[in-house]
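Presented below is the structure to which this report refers.
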Amino acid sequence: MRRAAIGLLGVILIVLLCADWIAPFGYQQQFREEVGAAPCRQHRLGTDALGRDRLSRLIYGGRISMVLAPLAALVAVALALAAGLTAGYLGGWWERIVTTAMDLCLSLPWLFLLLAVRAMLPLNVDPTASIVVTFALLGLLGWAGPSRVILAAVKRHLASDFVLAARSAGCPPWRIALVQILPNLKPVAAAQFWVTAPAFLLSEANLGLLGLGVAEPAPSWGNLLREMENLSQVPSHPWVAAPLAALVMVVSCFQLAISTGEIEA
Amino acid sequence: MTNRCGSDAFGRPFWRAALRRLLCLALTVLLAAFLAAALVRVAPGFGMDERQLDPRLSDSSIRAIEAENARNGNLVRYFAEYFSGLARGELGQSVSFGEPVRDLIAERLGLTLRSVAAGVAWAWLTAAVVALALGLVKRRGWDMAATALSGGLLCLPAAVIALLALYLGVGPGVAIGAILLPRILRYIHNITGAAAARPHVLAARARGIEGPALMLRHVWLPASAELLALAGVSVNMALGAAIPVEALCDSPGVGQLVWKAALARDLPVVVNVTILIAALTASANLASDALSGSLGREA
Numbered sequence: 007m008r009r010a011a012i013g014l015l016g017v018i019l020i021v022l023l024c025a026d027w028i029a030p031f032g033y034q035q036q037f038r039e040e041v042g043a044a045p046c047r048q049h050r051l052g053t054d055a056l057g058r059d060r061l062s063r064l065i066y067g068g069r070i071s072m073v074l075a076p077l078a079a080l081v082a083v084a085l086a087l088a089a090g091l092t093a094g095y096l097g098g099w100w101e102r103i104v105t106t107a108m109d110l111c112l113s114l115p116w117l118f119l120l121l122a123v124r125a126m127l128p129l130n131v132d133p134t135a136s137i138v139v140t141f142a143l144l145g146l147l148g149w150a151g152p153s154r155v156i157l158a159a160v161k162r163h164l165a166s167d168f169v170l171a172a173r174s175a176g177c178p179p180w181r182i183a184l185v186q187i188l189p190n191l192k193p194v195a196a197a198q199f200w201v202t203a204p205a206f207l208l209s210e211a212n213l214g215l216l217g218l219g220v221a222e223p224a225p226s227w228g229n230l231l232r233e234m235e236n237l238s239q240v241p242s243h244p245w246v247a248a249p250l251a252a253l254v255m256v257v258s259c260f261q262l263a264i265s266t267g268e269i270e271a
Numbered sequence: 225m226t227n228r229c230g231s232d233a234f235g236r237p238f239w240r241a242a243l244r245r246l247l248c249l250a251l252t253v254l255l256a257a258f259l260a261a262a263l264v265r266v267a268p269g270f271g272m273d274e275r276q277l278d279p280r281l282s283d284s285s286i287r288a289i290e291a292e293n294a295r296n297g298n299l300v301r302y303f304a305e306y307f308s309g310l311a312r313g314e315l316g317q318s319v320s321f322g323e324p325v326r327d328l329i330a331e332r333l334g335l336t337l338r339s340v341a342a343g344v345a346w347a348w349l350t351a352a353v354v355a356l357a358l359g360l361v362k363r364r365g366w367d368m369a370a371t372a373l374s375g376g377l378l379c380l381p382a383a384v385i386a387l388l389a390l391y392l393g394v395g396p397g398v399a400i401g402a403i404l405l406p407r408i409l410r411y412i413h414n415i416t417g418a419a420a421a422r423p424h425v426l427a428a429r430a431r432g433i434e435g436p437a438l439m440l441r442h443v444w445l446p447a448s449a450e451l452l453a454l455a456g457v458s459v460n461m462a463l464g465a466a467i468p469v470e471a472l473c474d475s476p477g478v479g480q481l482v483w484k485a486a487l488a489r490d491l492p493v494v495v496n497v498t499i500l501i502a503a504l505t506a507s508a509n510l511a512s513d514a515l516s517g518s519l520g521r522e523a
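Written as structure tokens, this is what we have:
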């Protein structure tokens with residue numbers, strides 16, 4: 007099941023990376039005579055209120071969400087590894103500072119933290135900057151949860167026999183940290199990545215729906231969901247829910263990958 | 225947390241442990257406030273005031289505005305003034321609403337707390353009933369259905385659940401509950417599943433204890449410390465869920481206030497709500513930690 011989920015994620019990612027060749031139109035291209043059109047041969051998912059092809063925007067939006075959310079998750083896990091490893095290994099004041107920062111980040115609800123920090127950054131920015139700001143925020147603020155798990159793993163490894171053996175053999179501290187402990191953190195870090203990436207996809211969707219995510223005209227699955235704000239039109243126009251279906255499918259694949267991945271970790 | 229002599233596991237008196245926790249809470253809230261105020265200062269556009277561009281204002285008025293902004297620019301001074309204001313119950317003036325932040329929060333906090341309480345209660349009640357039923361029935365099909373339902377809800381963004389709640393005409397409390405339900409159900413199922421595998425449950429079964437008595441007395445009661453800790457975390461989750469729910473369901477609570485403040489870059493509101501949320505979540509965690517600690521010790 008896990009392999010199938012990862013395989014499907016891989017296929018989706020490849021399709022989205024080939025957006026320039028697969029998407030029938032550009033994401034900004036307008037068909038002014040076909041505004042809000044129903045699905046037809048030319049526009050498989052119809053067009054939006056500005057006459058843009060919905061399928062093309064879904065593919066291009068997916069490329070932004072599916073590439074940048076895992077990338078932000080990688081940044082968060084890398085930060086968590088750096089913080090957890092140094093705090094666990096060095097201990098003392100540095101550990102206190104890191105754990106206090108962790109507690110501070112975790113004491114605020116995740117969406118609130120994102121919203122509060124996003125409010126302090128300029129809102130009226132160009133689409134590219136909004137993409138960078140949104141995903142950089144996710145990557146830079148999402149380190150606290152994974153770092154708590156990684157710190158616990160570092161402490162566990164520090165008390166293990168192989169570290170004791172390395173110490174007694176005269177191994178320098180940096181070598182113990184980088185050669186003995188860091189490689190053993192790989193399964194924990196991988197599990198944290200699989201947990202964090204779908205959480206970031208959902209966070210971007212929440213921010214997009216609240217109007218604080220990726221700015222128009224750049225598409226992302228988050229801001230494409232804004233078409234669903236008038237939910238009463240969905241039963242008669244089900245194609246409007248295509249971004250939600252894509253998001254649910256991708257997050258489900260991540261969930262399936264996690265459930266087995268966590269056990270393996 | 226405490227034994228019968230009123231001391232904790234390390235032999236420290238209870239009041240010392242409690243004081244230490246309260247100090248940690250106060251420090252966390254202070255640190256959140258300080259960081260929020262510091263971030264405001266580095267935010268682009270800080271110190272700029274639209275009033276300075278108003279041609280109707282005289283030079284002296286503009287100089288007064290500049291002096292006011294310069295005074296706010298000094299972080300230490302701002303913080304000292306902020307806390308002296310806080311001691312008098314003043315939280316500053318909202319830029320976008322044009323009202324005192326204290327009044328804005330006061331008129332909205334009750335609604336948010338009611339929604340959060342309703343959501344937490346609804347989610348816990350449903351999750352507890354479902355988890356209890358799953359523990360009693362023990363059918364693979366039911367288990368898979370519950371896993372699929374909670375997994376499906378977990379795949380939906382909180383904002384979409386809020387939209388669904390709006391469409392179905394249910395209140396924000398139910399929407400917050402629906403956001404929390406899959407998370408709480410999953411944790412309760414895992415916690416009670418692990419508790420059910422303990423040897424004392426096997427011994428109780430060997431004595432012929434079955435059904436709800438076994439589940440409640442031998443599985444749920446020993447796991448109550450972990451469940452209480454989860455209750456503290458669920459308050460944090462509910463406060464986070466209140467933002468999209470109130471924003472999209474047009475419920476005029478603190479969640480909607482902070483969303484509107486974020487869209488308008490109304491930083492005085494954002495800073496004060498940050499402090500409020502940090503205090504609320506830290507208090508909920510403190511209460512659940514204290515309760516679960518004492519229950520865990522008794523168990």
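From first to last, the protein sequence lines stand for chains A and B. In terms of the numbering used here, the first sequence has 172 at position 166, counting the first letter as 1, and numbering is strictly consecutive. In terms of the numbering used here, the second sequence has 279 at position 55, counting the first letter as 1, and numbering is strictly consecutive. By construction, the Cβ of each residue, glycine as well, lies at the ideal position given by its N, Cα and C atoms. Keep in mind the model is a prediction, meaning the values are calculated, not measured.
Residue range of the unbroken alpha helix (DSSP H) whose run includes residue i
i: residue 8 of chain A; result: 8-23
i: residue 97 of chain A; result: Where residue 97 of chain A is concerned, there is no enclosing alpha helix (DSSP H), given that its DSSP letter is neither H nor E.
i: residue 460 of chain B; result: 448-472
i: residue 154 of chain A; result: 150-164
i: residue 368 of chain B; result: 364-378
i: residue 361 of chain B; result: 325-361
i: residue 137 of chain A; result: 133-147
i: residue 130 of chain A; result: Careful: residue 130 of chain A lies outside any alpha helix (DSSP H) and carries neither H nor E.
i: residue 385 of chain B; result: 382-392
i: residue 193 of chain A; result: 192-215
i: residue 116 of chain A; result: 116-125
i: residue 228 of chain A; result: 227-230
Proximity winner among the options, relative to residue i (alpha-carbon distances)
i: residue 125 of chain A; options: A:213, A:191 and A:14; result: A:213
i: residue 493 of chain B; options: B:482, B:502, B:503 and B:501; result: B:482
i: residue 371 of chain B; options: A:261, A:89, A:108 and A:148; result: A:261
i: residue 244 of chain A; options: A:52, A:33 and A:16; result: A:52
i: residue 220 of chain A; options: A:173, A:155 and A:143; result: A:143
i: residue 43 of chain A; options: A:30, A:123 and A:59; result: A:59
i: residue 469 of chain B; options: B:511, B:403, B:456 and B:441; result: B:403
i: residue 250 of chain B; options: B:321, B:499 and B:308; result: B:499
i: residue 199 of chain A; options: A:264, A:71 and A:170; result: A:264
i: residue 185 of chain A; options: A:160, A:18, A:206 and A:110; result: A:160
i: residue 507 of chain B; options: B:463, B:488 and B:401; result: B:463
Residue i, DSSP secondary structure in three states
i: residue 4 of chain A; result: Missing from the structure shown is residue 4 of chain A; chain A here goes from 7 to 271 and no further.
i: residue 275 of chain A; result: Not covered by the structure: residue 275 of chain A. The range shown for chain A is 7 to 271.
i: residue 423 of chain B; result: helix
i: residue 228 of chain B; result: Bear in mind that the predicted position of residue 228 of chain B carries a pLDDT of just 43, short of 50, making it unreliable; the figure below should be weighed with that in mind. Coil at residue 228 of chain B, not helix or strand.
i: residue 262 of chain A; result: helix
i: residue 507 of chain B; result: helix
i: residue 281 of chain B; result: coil
i: residue 71 of chain A; result: helix
i: residue 441 of chain B; result: helix
i: residue 111 of chain A; result: helix
i: residue 517 of chain B; result: helix
i: residue 167 of chain A; result: helix
i: residue 497 of chain B; result: helix
i: residue 41 of chain A; result: coil
i: residue 288 of chain B; result: helix
i: residue 31 of chain A; result: coil
i: residue 176 of chain B; result: Nothing can be reported for residue 176 of chain B, as the shown portion of chain B is limited to 225 through 523.
i: residue 26 of chain A; result: helix
i: residue 436 of chain B; result: helix
i: residue 311 of chain B; result: helix
i: residue 306 of chain B; result: helix
i: residue 254 of chain A; result: helix
Whole-number beta carbon distance between residue j and residue i, since they are thought to touch under 8 Å
i: residue 412 of chain B; j: residue 347 of chain B; result: About 10 Å separates the two Cβ atoms, so there is no contact after all.
i: residue 117 of chain A; j: residue 226 of chain A; result: Not confirmed; about 17 Å, so no contact.
i: residue 215 of chain A; j: residue 381 of chain B; result: 7 Å
i: residue 41 of chain A; j: residue 67 of chain A; result: With a Cβ gap of about 19 Å, residue 41 of chain A and residue 67 of chain A do not count as contacting.
i: residue 405 of chain B; j: residue 350 of chain B; result: 6 Å
i: residue 107 of chain A; j: residue 100 of chain A; result: About 11 Å separates the two Cβ atoms, so there is no contact after all.
i: residue 453 of chain B; j: residue 516 of chain B; result: 5 Å
i: residue 258 of chain B; j: residue 321 of chain B; result: Actually they are not in contact, since the Cβ atoms of residue 258 of chain B and residue 321 of chain B sit about 24 Å apart, beyond 8 Å.
Bridge-paired residues (DSSP) for residue i
i: residue 245 of chain B; result: Note: residue 245 of chain B sits in no beta bridge, so no partner.
i: residue 53 of chain A; result: A:59
i: residue 36 of chain A; result: A:58
i: residue 317 of chain B; result: B:324
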